[in-house]
Structure formats: structure tokens, C-alpha cells
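Read the structure below first, then the notes.
There are 2 protein chains.
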Amino acid sequence: MKERLERLKVVKSLIKTHRIDSQDSLLQLLAEAGYSVTQATLSRDLKYLKVGKVADGHSGYYYTMPSEEERKESEKHSIQDFLRGYVSVDWNESIVVVRTFSGHSDSVALAIDNMGMEDVLGTISGRDNVVFVALRKGSRGDDFIAALKGKIPEFDPE
Amino acid sequence: MKERLERLKVVKSLIKTHRIDSQDSLLQLLAEAGYSVTQATLSRDLKYLKVGKVADGHSGYYYTMPSEEERKESEKHSIQDFLRGYVSVDWNESIVVVRTFSGHSDSVALAIDNMGMEDVLGTISGRDNVVFVALRKGSRGDDFIAALKGKIPEFDPE
DNA sequence: GTCGGCTTTGGATAGTTATTCAATTATTGC
DNA sequence: GCAATAATTGAATAACTATCCAAAGCCGAC
């Protein structure tokens, strides 16, 4: 299973250098490059890489890598959303509880989701201005908080 | 068929302001906004608008408007639409009035919208082959015209 | 070693989106 | 006005993509 990362790189470069309009055709290119996988796996790879499919407007569709800029831009928005709603955090070994201003729990949860943090398994936003962040096995609340600080300089609990 | 351009604008703004993960859910939002169409039509709209569907990496997929780079191509279309409809311009301190060929006011207004110009507050297209372009405070008609010339080499009033 | 947990994968399939085809509605040219 | 032409649309369906589930594969702890 060591091949996976290698394959991801190849997928990435194929998408950058070719105009690919379906997973099947990408599958072929991959096969030519020596990586035989199924469409199911490829679909997962594309999801992982955040590859997008867009129309050129007339004749068809093609896959594209997210630009670095876009990624940063989107993260900036997430950070803004987070800060706008954030009131306080607490945590234990496996759950982080974020309190938010009234009506902000949804946007804060979404923001955390969109930051794409390793530690985060998922979030739910409650009715009560609270967001629960479930952490991936092996991650502790401290890890998450540390990672969040890394992403958001203005964020400093206590 | 007058509704189409109007609908396209609504689709665009819905995509910018919501996290939409399927055409069906967008269809619902559209219906709430008063536009009842089928998935087939929506698919065509999205193709026309070059809307993309990308993964956030973890939890799902969402639709997104094309980013700067990708928009170059689309801007070319807008320029074509503009030139195809354009007859003459006049302006004062805060409003630019564009006269167009018969039936082109909608497409010219949309084109101006889509060029995403700083100076532009908004546009309306009248029945009478005229488009009003409202300028942002601090912008003057001359600024707008200059910016337009910058974008469209073939465009030269008088 | 081998047991147990986590990851990765393929086959099958569910789910989603694009397109075909026919009908309808606008538009253009007399 | 009318006829011819082009645009737009919905229903049905084809095409494509994501996910479920079961089956390995890959560790590390014993």
C-alpha cells in the first residue's frame, strides 16, 4: 500500500498536464503510467486531492487542481468565520467543545470542517450555540488546540 | 425566455452564499426563490456558468464559482457579448448609460456584471435597449470607461 | 509467529449529473 | 401579419461518480 502516495502524485501531475474529462480516461492514463486501479479508488483519490471538475462553457468538462491561492483564500474565510462566532473552548481527551455567539454554531462548525485539520473526525453544531468537535483516534484536545493556534494567530484560549 | 438570465444570476448568488452539494438541493433553493426548473436545465445553467464541483477533502462536495484564473476564458465571452450588443456610451458622475442593439440590453448588462469590475455597483437593463451602470462611490464615469478600455482593446467610444 | 486494529482496495451499486430527443417558445426576415 | 429559424426547456435516459461492503494488506504488541 506504499504505492498510494506515489499514485496520488502521478494523478496530480496528469491532471495538471492533460485535459481530462472523465475518471475513465484518467484511469487509462494511469494504467499507461503503470498504476492499475479501479474507478472507485480513483474517485477517492480525487476527493482526497480536492480535484474539481468544471465546465469550459461549451464543449465539455475537465478536471483541475485547486490553485494554491484558492486554498488559502478559502482558509482565510474559514478563519474569519471561526473568529466571528467564537466565544470559548474546552476539551477532554476526545471531544472539543466550542461555545459560540448566538446563531453562529453552524458557521463555526462549517469553518472547522473546512480548515481540513488532520485531528478532526467531524463536527456537529447544536441548537444551543455549541459545536462539538470529535477528534480522530490518537489526537487529543491539546493537539487540536495547538493546531488551531498554528492556523489562527489571533486565537488564544483562556 | 426572459427569465433565463435572471435565473442565472440567482444561481450564481446562491452558489456564492450557500454550501450546496447537489443539483437537487440547489433546485430546491431555486424553487424557494421562485424559479421552478428541472435538473436538466440546471445542469445546463451550471455548465454555462462554469460552476465547478469540488471536494472539501473530508465530508463531502460542494459547488463553487470559477476563480480568477479560470475566469479569463469566461471574461472573453463577456467581452464578446458586450461587443456584440454595444452601440454607444454616455456618462455622468455616477451613472453610465450604455445603448445597445435591439434585444441586447440583457446580455450586455450581464456581461458587465460578469466582468467583475471594481467601479461597478450594479446594472439594470431597461426595456429600451439601454443599460444603466451604477458606479461605486468615488468612481466616476471616466474611471469606468478607462477600465473598460483596459479590458477591451477593441472598445473605443467616439 | 499471530492477533487485533487500521488502511486501502475492488466489485457492485446507489446516487448524481449530462445529454438526447421532442416539444414548445422566442426571434428573425420577409 | 406569417413562415422559417434558432433557443430554451422537460422527460427520459445515458453517462459518470461516490459510496457500501467485504476482502485483503499492513503494521505493532504481544
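Line by line, the protein sequences are chains A and B.
Residue 124 in the numbering used here sits at position 118 of the first sequence; the count goes up by one each step and never skips.
Residue 123 in the numbering used here sits at position 117 of the second sequence; the count goes up by one each step and never skips.
All C-beta atoms in this analysis are idealised placements derived from N, C-alpha and C, irrespective of residue type, glycine included.
Among the options, nearest to residue i - alpha-carbon criterion
{"i": "R25 (chain A)", "options": "A:V43, A:V60, A:E12", "result": "A:V60"}
{"i": "I21 (chain A)", "options": "A:Y41, A:F150, A:L55, A:A46", "result": "A:L55"}
{"i": "V95 (chain B)", "options": "B:A46, B:T70, B:D148", "result": "B:D148"}
{"i": "F161 (chain A)", "options": "A:S113, A:L89, A:S111", "result": "A:L89"}
{"i": "S19 (chain A)", "options": "A:P72, A:Y67, A:V43, A:W97", "result": "A:P72"}
{"i": "A140 (chain A)", "options": "A:K155, A:D119, A:S100, A:M123", "result": "A:S100"}
{"i": "V43 (chain B)", "options": "B:Y68, B:V17, B:T23", "result": "B:V17"}
{"i": "Y68 (chain B)", "options": "A:T23, A:K53, A:F107", "result": "A:K53"}
{"i": "Y41 (chain B)", "options": "B:K157, B:R50, B:R10, B:M123", "result": "B:R10"}
{"i": "E124 (chain A)", "options": "B:Q34, B:D62, B:D125", "result": "B:D62"}
{"i": "D51 (chain B)", "options": "B:A39, B:T23, B:K15, B:Q34", "result": "B:K15"}
{"i": "N98 (chain B)", "options": "B:D119, B:F138, B:K157, B:F107", "result": "B:F138"}
N- and C-terminal bounds of the beta strand (DSSP E) containing residue i
{"i": "F5 (chain B)", "result": "Absent from the structure is residue 5 (chain B), since the part of chain B shown begins at 7 and ends at 164."}
{"i": "V43 (chain A)", "result": "Neither: V43 (chain A) is in no beta strand (DSSP E) and is coded neither H nor E."}
{"i": "K59 (chain B)", "result": "58 to 61"}
{"i": "D96 (chain A)", "result": "92 to 97"}
{"i": "R105 (chain A)", "result": "101 to 106"}
Cβ neighbour criterion (16 or more within 10 Å) applied to residue i
{"i": "P159 (chain A)", "result": "exposed"}
{"i": "V93 (chain B)", "result": "exposed"}
{"i": "L36 (chain B)", "result": "buried"}
{"i": "F150 (chain A)", "result": "buried"}
{"i": "Q29 (chain A)", "result": "buried"}
{"i": "R13 (chain B)", "result": "buried"}
{"i": "L48 (chain B)", "result": "buried"}
{"i": "T70 (chain A)", "result": "buried"}
{"i": "E75 (chain B)", "result": "With a pLDDT of 45 at E75 (chain B), under the threshold of 50, the predicted position of this residue should be treated as unreliable, and no value is reported."}
{"i": "L32 (chain A)", "result": "buried"}
{"i": "G91 (chain A)", "result": "buried"}
{"i": "G156 (chain A)", "result": "exposed"}
Integer-rounded CB distance, given that residue j should sit under 8 Å from residue i
{"i": "I130 (chain B)", "j": "A115 (chain B)", "result": "7 Å"}
{"i": "S84 (chain B)", "j": "M121 (chain B)", "result": "5 Å"}
{"i": "A46 (chain A)", "j": "D87 (chain A)", "result": "About 33 Å; that fails the 8 Å criterion."}
{"i": "R142 (chain A)", "j": "L127 (chain A)", "result": "5 Å"}
{"i": "V103 (chain B)", "j": "V57 (chain B)", "result": "Not confirmed; about 31 Å, so no contact."}
{"i": "G66 (chain A)", "j": "D112 (chain A)", "result": "Not confirmed; about 36 Å, so no contact."}
Residue range of the alpha helix (DSSP H) that includes residue i
{"i": "D148 (chain B)", "result": "147 to 157"}
{"i": "I118 (chain B)", "result": "111 to 120"}
Short-range partners of chain B found in the region 83 to 116 of chain A, where Cβ spacing is below 8 Å: So the close ones are L116.
Residues from the region 30 to 59 of chain B in contact with chain A, defined by Cβ distance under 9 Å: Against chain A - using a Cβ distance shorter than 9 Å - the residues of the region 30 to 59 of chain B are L52, K53, Y54, L55, K56, V57, G58, K59.
Cβ-based contacts, 7 Å cut-off: residues of the region 11 to 25 of chain B near chain A: Those residues of the region 11 to 25 of chain B placed with their C-beta closer than 7 Å to a C-beta in chain A are R25, ordered along the chain.
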